[in-house]
Amino acid sequence: MNQDRVESLAQFHPFTRLNKLLEGIQPGGGNTPLLLSLGEPQFQPPAFALEAIANAKELWSKYPPTLGTMEFRTAAKAWLMRRYGVESAFIDADRMIAPVSGTREALFHIALSAVALGAPKGKGKVLMANPFYHTYAGAAVVAGGEPAFLPAGPETAFLPDPDAVPPALLREAAMVYLCSPANPQGSVASADFWQRWLALARQHDFLIAADECYAEIYTDLPPPGAIAAAQASGSSDNLLVFHSLSKRSSAPGMRSGFVAGDARYISRQAQLINYGGVAVPLPVLAASTLLWSDEAHVEENRARYQASFDLAQRALGPIFGNVKPGGGFFLWLDVGDGEQAAVELWRQAAIKVLPGGYMARVDADGRNPGAPYIRVALVYEPTQLAGALERMAAVLGSVMDSGDRMRISGRGR
Ligand SMILES: Cc1ncc(COP(=O)(O)O)c(C=O)c1O
């Protein structure tokens, strides 16, 4: 990796930039600091999962198999069938599902295989929305590929429009990362969106990495899945879907998820794990098997996020209009100047949020499409959030009134 690439990794990491922005500023207002910058659920995973890990203690002495256990793959398959209406015959659990030690890690690894396959054929580009989850760009760079950013602002309903991608870019693509519900915007892809991207991926021979780690947290209807679109097309070719227990089961510390889809890529992913990845430990797989088989704790979790979004709507609706996302647990608020708002929220109210510009790159027009926004992770108990959201409204109201511009429309969604 050349020096520029190493520096771009350090320079663009959103939390490195946030720490620098807030360096030396005291959290104010006499409030206990509340970190709404990081998407880390602050709830406990269900007790039965922790018991399952404890009960499987004799398995810590064993190396875990790369593809996990049959019980795990069967539970993951059954969940895909329940959640997305996928038929049993469509998924061969032994060839099309692999447990992963966190989807972040798996999303990173997949670029290593996709770029290694694509680059010798002149297909070294890694496509992603702008703004985007930072791992995608980091993975593209480390894999020796070239990130290519697709507009995903209000003009494209906060998702990358497949019809707007220049054909030359599609021909050079090794892969595309697509996230639904999207981090940070909370936008939800339709079945048609997935169908159109799948058609392009097959026409131009690139891989879709469908990051659906927020699939279980939504406002009204369950977000359509890429795997269901693949089934409707009759094939899982060129598609991998990534699912996680971090958000679904509030268990980010377990580092447990799975990847499913095109068997050719699953076997490449397994090879990477064999050489230098982390296979999911057997006690964690035992707990994960139970978690993918249970819906009650997920419904409870979803209800908690709903309560938080209701509070956010009440506090921030008068300023922003609709703030509730279609899915995921982030508010994505157009505050005019995301960095200024982040500084003032920290200085005046001890609330840490992420400036949206830190999740985006400057586009061809010289504009950072995330810069007007802040991302707010509603990952605490609603009771902990209620006062904070009121304080946030007071600070944002005054920051925006005193700002050099006040936009009347298009602030929220
Ligand atoms: C869009 C997106 N994808 C993937 C991940 C990674 O989740 P995990 O590695 O915990 O499964 C996150 C975590 O914040 C995320 O926001």
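For the sequence shown, the working numbering begins at 1497 and goes up steadily by one. Every residue gets a Cβ at the ideal spot worked out from N, C-alpha and C, and that includes glycine.
A residue is called buried when at least 16 other Cβ atoms come within 10 angstroms of its Cβ; residue 1520 does not meet this threshold and is exposed.
Excluding residues up to 5 positions away in sequence, 1529, 1842, 1846 lie with their Cβ nearer than 7 Å to the Cβ of residue 1523 in the same chain.
Remark: the shortest separation between the CB of residue 1673 and any heavy atom of ligand 1 does not fall under 6 Å. Note on residue 1635: 16 or more other CB atoms within 10 angstroms of its CB, so buried under the neighbour-count rule.
Nearest to residue 1532 by C-alpha distance, out of 1863, 1826, 1894, 1512, is 1826. Looking from the CA of residue 1812, the closest CA among 1556, 1800, 1799, 1828 belongs to 1828. Residue environment analysis places residue 1626 among the buried positions, since at least 16 neighbouring C-beta atoms fall within 10 angstroms of its C-beta. Where residue 1729 is concerned, the enclosing alpha helix (DSSP H) starts and stops at 1722 to 1729. If you ignore the 5 residues before and after residue 1698, its C-beta comes within less than 7 Å of the C-beta of 1733, 1734, all in its own chain and listed in chain order. Along the length of the stretch 1541 to 1619, whole beta strand (DSSP E) runs at least 3 residues long occupy 1593 to 1596, reported in chain order. Counting along the chain, residue 1793 sits inside the alpha helix (DSSP H) bounded by residues 1792 to 1816. Comparing alpha-carbon positions, the option among 1747, 1746, 1677, 1804 lying closest to residue 1737 turns out to be 1677. Taking the CA atoms as reference points, residue 1850 sits about 7 Å from residue 1872.
Residue pairing from DSSP places residue 1642 in a beta bridge opposite 1621. Scanning 1587, 1818, 1722, 1868 for the CA closest to the CA of residue 1692 turns up 1722. For the pair of segments examined, the stretch 1590 to 1607 was found to touch the stretch 1701 to 1720: the number of CB pairs separated by less than 8 Å reaches three.
The alpha-carbon of residue 1647 is positioned some 15 Å away from that of residue 1868. In this structure, the beta-carbon distance from residue 1679 to residue 1629 falls below 7 Å. When rounded, the separation of the alpha-carbon atoms in residue 1862 and residue 1656 is 18 Å. Straight through space, the alpha carbons of residue 1713 and residue 1719 are spaced by roughly 9 Å. According to the DSSP secondary-structure assignment, residue 1626 is paired through a beta bridge with 1647.
In this structure, 1742 is the residue among 1763, 1742, 1759, 1746 with its C-alpha nearest to the C-alpha of residue 1753. In this chain, residue 1509 is not harboured by any alpha helix (DSSP H), its DSSP state being neither H nor E. Per DSSP, the continuous beta strand (DSSP E) segment holding residue 1753 begins and ends at 1753 to 1757.
Listed as beta-bridge partners of residue 1876 by DSSP are no residues whatsoever.
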